[in-house]
Every structure is written in structure tokens, then in C-alpha cells.
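Chains A and B supply the protein sequences, listed in that same order. As numbered in the numbering used here, residues 273 to 541 make up the first sequence, in order. As numbered in the numbering used here, residues 905 to 1346 make up the second sequence, in order. What follows is one structure encoded as C-alpha cells, with my remarks underneath.
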Amino acid sequence: MLRNLADLYRHRALVGVLTTRELKARYRGSVLGYFWSLLNPLLMLIVYSVVFQLLLPNRSETTSPYALFLFCGLLPWNWLSASLTDSASSLLTHGALLRKVLFPAEVLPFVAVFSQTAHFLLALPVLFGGLLAAALGLFGPARPLSWAIVQTVPLAILEGIFLLGLGLFLAGLTAHFRDVRDLLATALSLLFFATPILYTLGDLKNHPVAVLLSLNPLAKLFTSWQEALFFGRWISPGDWLRLTALCLVTFVIGYGFFDRIRDSFAEAV
Amino acid sequence: MAAAAVEARSLSKHYRRWNQTRTFGTLKSAFLGLGFSRALSPGEVVAALEDVSFSVEPGETFGVVGANGSGKSTLLKLVAGILKPNSGSLAVNGKVSALIELGAGFHPEISGRENVVINGIMLGLTRKEIEKKLPSIIEFSGLSEFIDQPVKTYSSGMYVRLGFAVAIHTDPSILVVDEVLAVGDEAFAHRCLDTIREFSARGKTIFFVTHSLALVEELCDRVLYLEKGKVKGIGDAREILSSYRLDVSAQEGERLAAVQAVNQEELRQASAAPVEIPSEASSPAAPETPTAEEKPRRWGDRSAIITACRVLDRTGAERYAFQTGETLTIEIEGSPQRPLDDFVFGIGLFTTEDFCIHGTNTDIDGFMPERFDGPAKVHITLPACTLGAGTYLVDVAIHSRRGTPYDYWRGACRFRMDSPRQDAGVYCPDRNWNFLGAVRWK
């Protein structure tokens, strides 16, 4: 695997240009271009604010303002869901390339995750702006802005590693079973509700499914996002350790699987 | 001599037959590191290449020929490293650039220029190198006008030109070319060929696949001839190509022989049938010239029946593919219903467009019938059949001297002629040129 990573490092220029190409092609022909990456989450935040401030006011004190709370989980979730969907089909979409040109196949799922990462990073300023607005009291009572927000950096790195690992795994699997793509769509919408995004694990303390939900490996990651971004709390060293282990193990297993079956891709896609 | 540029030893490549039920098994065995085809029984794989060995010296232009599905493209992909062999070894010394599908990986939405950069990096150049070569690539492609347009607006020819321009600029030591010169206009095709020649002049190795045998003959030093994934021949281009051409025409002959077998079977059934063959054209003054489609293929009053018609070669073996100038014999096998003393055996040679090239019979050639009272074979031999390349149909007939057909069979068999030279027409005579006066030849 280390040799593969070194090989991939040599192909970093390729990963770079392909990611840029994805992004360019994504907005080619639209008037606002990259600005959409920023505008989309902003519009989303406005819609949620209208809905949850005016139409469905939230009664819980802890997760108020709810639109902002939701946003803290939703951005990392959208990143996850889009990355996994894209990387799962990355080998198939670029099948012609795999059959005609020699290059390491992992470049493709990497590019899928990286271009989604770019969208995520472009959306972050909107989130920070929202948190700042809340601190200034624009969403009801002023909320203090905490330094805990800097934990965004390690959390994003860990989620990135996790997504690369799972993305490689899914890409390899999808090359052989097209079913994965359809299954993934359903699995993601189920996971969305099974992961603390709309709620915190604390909200469900006495609910019978709480134990089950806390077994979800994503629960730790998304709870950490909520803690760091919304609640402004520091994540414990133990949790950092668990998170790091989860992400690294996912990466190693995903890459290992991908590596084992890589020779079959040119024929399977 | 330095190490071979490409060295293959008993190379084999199998493809899986698509069979969804076994996918889990193969994936499992792959994951456990056993290799993909390990879990497959022989019935589940298709051999694309079997036990192929060859070596290509540096600087050589090496051609691969063979029919469709003979494994040429698989071999190229193995050399390019895109596919892995199932067994055997393949050593490739040097940087390979594969012109397998030009412009693979071009993104339709972004400009030609950006695609060139991406494609170049994909083919192994660094960003700096590609930036430096960009002007010359654009110049070569001849697309400077359109280079900043999205590639989706390009014609397929432009697409390929740009792809070729990039691939040729990656400075490979081994160039793998797969049937790519068929696209692009005449001028660009010449340019590509010039580039390939220049490559070969600079001592680069070229691995070349095309169906254009003339091109192979012109460019290649040595040729590998694949048939159904196996090496049929390897060696000097001229020698291998002539054997390939012979095989192709032999196959054509086999196909005609199969047609012949069906014809003969029909014939047998027709002669076994108790009822008379429709004899609407039985009067000697003969046919009210029906159109080609309506013409019955056989007619006559069946006083005598043709039981077989074959084409034989010099040795008397049945064969349906010949080279111009070869000895060719047409055999008519027939038997009378009752003893006959008035009979003529005739043949006619036609092109597939129904143009009569030659027609003759025993009467014309001066044979007086005496008695025909049992099964017989009649041979007419053309000692040097100087027909030009093409497919020819044979009509055979037994009829009375006055012309009443006993059994007349149109298109009883067909055979193929091939001319080693590229001369045109149905007639390929021996010829001599003589020159008088101020004309000289090298």
C-alpha cells in the first residue's frame, strides 16, 4: 500500500488536473460558475432558517437556532453522501479511460472525493458566517463564538480520509456489481436519519433505539461535528483517538480491497 | 544487442464469460489473492491469447495482423500495460505510448487546450513538459483556430487529430498504434504516417496493428500473424503477409465450399424427389427470358440428372479458392434415367453480376455423343485459369444436341480467384511490356 501511495503521489498532478477539470466542467456554461458552490449552501441555510424560525419553531433550547444546528451536520453529510455516490460510480463513468489509458485506477475515486471536498470547503464560509451571525444575535439570543471551531480542520481531514477509504471500497465493488449504486442511494437516505444530524444523540437518551444508533460508526463523527461547530465544545482525546482509528482503518481496508481487485477493472467496467 | 524492447513468453489472456452467478466466487478468490481466473472452470473463460511468444528488438517496426477477434487488440493492451496476462511473462523495456483510442479521456465540456494538458499528464508528462510542448502539439493538430473551444464542438476527425498530436508528443520509446490512421482526412493520415516513419528512423520501436496490409507491408520489418489467439506465423513482413493473404482466400474458399455443400444437399433432395422439377423452360427455344430473380435455378425434363458439381485443383482435390493462373477443373457428375444417345455436357462461367465470361459444351468442342447409360463424371480442365480476382459462378447442364435441357443448373457452384498483383478486371492475362524510344525505368 505504501508503494501505491508513492505511485499515487507521482500522479498527484493528474489527480490535480482531473479534479480541476471536474470542477470546471461542473460549472461550465453557468453564469455564476464557482459562486454556486457558495450560493447553494447559502440558499439552503436561508430556506432552513425560514422554515425552522417561522414555520416550525423549534421548542428545544439546546439545538436553537435549529437551522444553524441542522446546517452544522448537514454540510459534512452532503460532503459524505456526494463523495460516496460519485466515487462509487467513478470507475464506471470513466470506464473508457480505464480500458484505453494506463494510469492508477485509484486516481478516479480520489478525484471524485477531492472535487466534492472542494464544494464542501467552499460551503464552509457560509457556515462560519451563520455562526458569526448567531454570535451577533441575528438568530435570537446571541451565542458565544468558541475557539472550538478550529477543530474543523482535523475533523475535515479525518472525514476526508474516511471518505477516500470507503469511496475506494465502493468503487471497486461497483465495478463488479452495478447494484451497489442503487443500493447506496437507499442506504444513504436510511443512514441520514440514523446519524445524529437532525437531532443529537443526547436528545434520544432514553429512547429504545438510542443504543442502536450510537453503534453507527458515523455517529461519533457527526456528534463531533455538532460539538465542535454548534456547541463550541472541545472533543476529548479519547474521542479523537477513536475517530482517527475509525478513519484510518476504513482507509486501509478500503484501499487494500481496491488494490487486490485492481487488475480486474479494465475488464469489468 | 541490447535487451529486447518487448519480450513475450508464452503469454496467455483469458476473458471471463459473462455469467453473473459466479461473480461472487471470482471476487472472493481475487480478494484472497488467488487471481481472478483461478476460480473459473475452463468452460467459463474465453481464451483471447494462448501461448504467444515473440520478441521485438529496439528500433524495430513490428506489425500484428489477423482476422477480427484474433487477439490483436488484447495483445496491444497487454503491451501497453492496461491488461494483465493470466499466464506467461511480458517484459517491456521503455516508455510506452499507446495510440489505442485517441482522445480517450477528453472531457467534452472543457477546451481543447485544457484537454491537451490533462491528456498529456495522463500519458505521463509533467505539467512543465506539457506546457512547453503545447504550441507544437497545437501546430501539429492543425486546430489552433478551435483550441479554446470546448471539445464537444469538435468533429470526430478533429478529436482524433488532437489525440494523435498529444500521444506523439509524449516522446515514447515504444509506440503502440492500433488501427487509428483510418480516421482523419487524407492529409492528416499522411502526416501521421510521416511521423511514424520519422519515429522509426529515430530508432524507436513501433508496435503496429492495422487491417491495411499494404500499410503493414510498407512500414513493418517483421510481422506477427495471430489466428484465434495463437501465433500462426512470425517473421519477415513479406513472407508472413503472403501466407496471411493465402489463408484469407482459403477461408473464403471454405465458405464457398460450405455454400457448395448446401447446394449439393438441395440437389440430392431434388433428385430424390419423385415429382418432376418444374420445367417451364423446357422448350429448346427456351426461356421467355424471365428476370434474374424469377429465373428458376434448375430446370429440365430429367432425362439425365446432375448429381454433383465440384471445382477441383490440379491434384484433383476439391477446392474453391484459387490463385490466378492455377489449373482448375470443373467436375460434373451425372446419370441418365434411361440410356441416352443424344447428350451434351455444358458449362458456363459467370460473374456475380450475371455477366457471362465463358460458355462452352461438348458439342461446341466437337464431341459426338454415342452412349450415356450409367453414372459418369465429366471433367473440363482449364490448364491456366487466368481470371482476375473475384468470385465466379458456374452453371452446368446436360441437354440434348438440339438444346432440350435434361438438367440445367444455374449457379451450381462458385469459386474465388485471387490475384497476387493488384490488377483489375475479370481477365488476368500473362503479359509483357516492351519499350522503344526515350523511356527508361529504374
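We treat Cβ as the ideally placed atom computed from N, Cα and C, and that holds for glycine. Bear in mind the structure is a predicted one, so any value in this text is a computation, not a measurement.
Just checking, does the segment 313 to 324 of chain A make contact with the segment 1061 to 1072 of chain B on the three C-beta pairs under 8 Å criterion? no
Give the secondary structure of ALA951/B by DSSP, where H, G and I count as helix, E and B as strand, and everything else as coil. The residue you call residue 951/B lines up with position 47 of the second sequence. The answer is strand: DSSP assigns ALA951/B an E or B state.
Quick one: Cα of ASP1245/B to Cα of HIS1303/B, how far? The residue labelled residue 1245/B in the question sits at position 341 within the second sequence. The residue labelled residue 1303/B in the question sits at position 399 within the second sequence. The straight-line gap from Cα to Cα measures roughly 11 Å.
Quick check: is the beta carbon of LEU369/A nearer than 8 Å to any beta carbon in chain B? Within the first sequence, the letter at position 97 stands for residue 369/A. Yes, because at least one Cβ of chain B sits closer than 8 Å to the Cβ of LEU369/A.
Identify each residue in the segment 963 to 990 of chain B for which the Cβ-Cβ distance to at least one residue of chain A is less than 9 Å, and report them in chain order. LYS981, ALA984, GLY985, ILE986, LEU987, LYS988
Flag ARG1201/B as yes if its beta-carbon sits less than 8 Å from any beta-carbon of chain A, otherwise no. Taking the second sequence and counting its residues from 1, one reaches residue 1201/B at position 297. No - not a single Cβ of chain A is within 8 Å of the one on ARG1201/B.
May I ask you to report which of helix, strand or coil DSSP gives ARG284/A? The sequence position of residue 284/A within the first sequence is 12, counting from 1. Looking at ARG284/A - three-state DSSP - the assignment turns out to be helix.
According to DSSP, ALA1225/B sits in a beta bridge with which residue or residues? On the second sequence, position 321 is the one that residue 1225/B refers to. Bridge partners of ALA1225/B: ARG1320/B.
Proximal residues, the segment 1019 to 1048 of chain B versus chain A, C-beta separation under 8 Å: VAL1021, ILE1022, ILE1025, MET1026, LEU1027, THR1030, ARG1031
Apart from the five residues just before and just after MET273/A, which ones in its own chain have a Cβ nearer than 8 Å to its Cβ? Position 1 of the first sequence, counted from the start, is the residue given in the question as residue 273/A. Counting only Cβ-Cβ distances below 8 Å, and skipping sequence neighbours, we find VAL524, TYR527, GLY528, ASP531.
Does the contact criterion of 3 or more C-beta pairs under 8 Å hold for the segment 1125 to 1140 of chain B versus the segment 981 to 995 of chain B? no
Taking only three categories from DSSP, how would you classify ASP1052/B? Against the second sequence, residue 1052/B aligns to sequence position 148. Residue state, collapsed to three classes: coil.
How would you call LYS1032/B, buried or exposed, if buried means at least 16 neighbouring beta carbons within 10 angstroms? Numbered from 1 along the second sequence, position 128 holds the residue referred to as residue 1032/B. The residue in question, LYS1032/B, is exposed, as its Cβ has fewer than 16 Cβ neighbours within 10 Å.
If you drop the 5 nearest sequence neighbours on each side, which residues of the same chain put their C-beta closer than 8 Å to that of PHE400/A? Sequence index remark: in the first sequence, residue 400/A carries index 128 (1-based). Result list for PHE400/A: ILE421, in chain order.
For VAL319/A, report the span of its alpha helix (DSSP H) as first-last. Residue 319/A sits at position 47 when you count from the first residue of the first sequence. 307 to 321 is the span of the alpha helix (DSSP H), which, as asked, contains VAL319/A.
Determine the chain A residues that contact TYR919/B at a beta-carbon separation under 9 Å, and present them in chain order. Your numbering for residue 919/B matches position 15 in the second sequence. The contacting residues are GLU539.
Can you check the segment 969 to 1001 of chain B for any beta strand (DSSP E) of at least 3 residues that lies completely inside it and give the ranges in chain order? 991 to 996
Where the segment 353 to 378 of chain A meets chain B: residues whose CB sits under 8 Å from a CB there: HIS366, ALA368, LEU369, LEU370, ARG371, LYS372, VAL373, LEU374, PHE375
Closest to ALA500/A by C-alpha separation, out of ARG275/A, PHE307/A, LEU417/A, would be which residue? As a first step, residue 500/A must be located in the first sequence, where it is residue number 228. Among ARG275/A, PHE307/A, LEU417/A, the Cα nearest to that of ALA500/A belongs to LEU417/A.
Less than 8 Å between C-beta atoms, sequence neighbours within five positions excluded: which residues of the same chain meet that for PRO1279/B? Residue numbering aside, residue 1279/B sits at position 375 when the second sequence is read from its first letter. Cβ within range, chain order: THR1211, GLU1237, GLY1238, SER1239.
Check for me: the beta strand (DSSP E) holding LYS1036/B runs from which residue to which? Counting from one through the second sequence, the residue named residue 1036/B turns up at place 132. Run containing LYS1036/B: none in the beta strand (DSSP E); it sits in the alpha helix (DSSP H), 1031 to 1045.
Run through chain B and tell me which residues come within less than 9 Å of ARG300/A, C-beta to C-beta. Against the first sequence, residue 300/A aligns to sequence position 28. Those are GLU1013, ILE1014, PRO1054, listed as they occur along chain B.
Report the option in PRO489/A, SER336/A, GLY305/A whose CA atom is closest to the CA atom of GLY412/A. Against the first sequence, residue 412/A aligns to sequence position 140. Nearest of PRO489/A, SER336/A, GLY305/A to GLY412/A, Cα basis: SER336/A.
In the DSSP output, which residue or residues are listed as bridge partners for TRP349/A? Here residue 349/A is taken as the residue at index 77 of the first sequence, counted from 1. Answer is none; TRP349/A lacks a bridge partner.
Helix, strand or coil for TRP1313/B? Go by DSSP, reduced to three states. Within the second sequence, residue 1313/B is the residue found at index 409, counting from 1. Correct three-state label for TRP1313/B: strand.
Which two residues bound the contiguous alpha helix (DSSP H) that contains ASP1269/B? Counting from 1 along the second sequence, the entry for residue 1269/B is found at position 365. Looking at the DSSP string, ASP1269/B is not in any alpha helix (DSSP H), and its letter there is neither H nor E.
Counted within 10 angstroms of its Cβ, other Cβ atoms place MET1026/B as buried (16 or more) or exposed: Locating residue 1026/B in the second sequence gives position 122, counting from the first residue. It is buried - the Cβ of MET1026/B has at least 16 other Cβ atoms within 10 Å.
If you check the beta carbons only, do PHE307/A and TRP351/A fall under 8 Å apart? Here the question's residue 307/A lines up with position 35 in the first sequence. Here the question's residue 351/A lines up with position 79 in the first sequence. No, the Cβ-Cβ distance between PHE307/A and TRP351/A is not below 8 Å.
Apart from the five residues just before and just after SER1186/B, which ones in its own chain have a Cβ nearer than 8 Å to its Cβ? Position 282 of the second sequence, counted from the first residue, corresponds to residue 1186/B. Residue placement at SER1186/B is poorly supported in this model, since its pLDDT is 39, which falls under 50; the coordinates still yield a value, given next. The answer, listed in chain order, is TRP1203, GLY1204, ASP1205, THR1308, PRO1309.
Measure the beta-carbon distance from LEU460/A to LEU356/A and round it to whole angstroms, keeping in mind my assumption that it falls under 8 Å. Position 188 of the first sequence holds residue 460/A. Position 84 of the first sequence holds residue 356/A. Confirmed, about 7 Å.
Taking the alpha-carbon positions, what's the GLU1197/B to GLY1157/B distance? Working through the second sequence from its first residue, we reach residue 1197/B at position 293. Working through the second sequence from its first residue, we reach residue 1157/B at position 253. Low per-residue confidence applies at GLU1197/B: pLDDT is 43, beneath 50, and the placement is therefore not dependable, though the value from the model is reported in the following sentence. Rounded to the nearest angstrom, the two C-alpha atoms are 25 Å apart.
The segment 342 to 349 of chain A contacting the segment 992 to 1006 of chain B, beta-carbon criterion three pairs below 8 Å: no
Specify the secondary structure class of ILE525/A as computed by DSSP and reduced to three states. Looking up residue 525/A in the first sequence gives position 253. Residue state, collapsed to three classes: helix.
When the Cβ atoms of the segment 967 to 980 of chain B are set against those of the segment 1029 to 1048 of chain B, are three or more pairs found closer than 8 Å? no
Helix, strand or coil at LEU1253/B according to DSSP, with G and I counted as helix: Locating residue 1253/B in the second sequence gives position 349, counting from the first residue. In this structure, LEU1253/B counts as strand in the three-state DSSP scheme.
What is the DSSP secondary structure of TRP1348/B, reduced to helix, strand or coil? The requested residue 1348/B does not occur in the structure, where chain B is confined to residues 905 to 1346.
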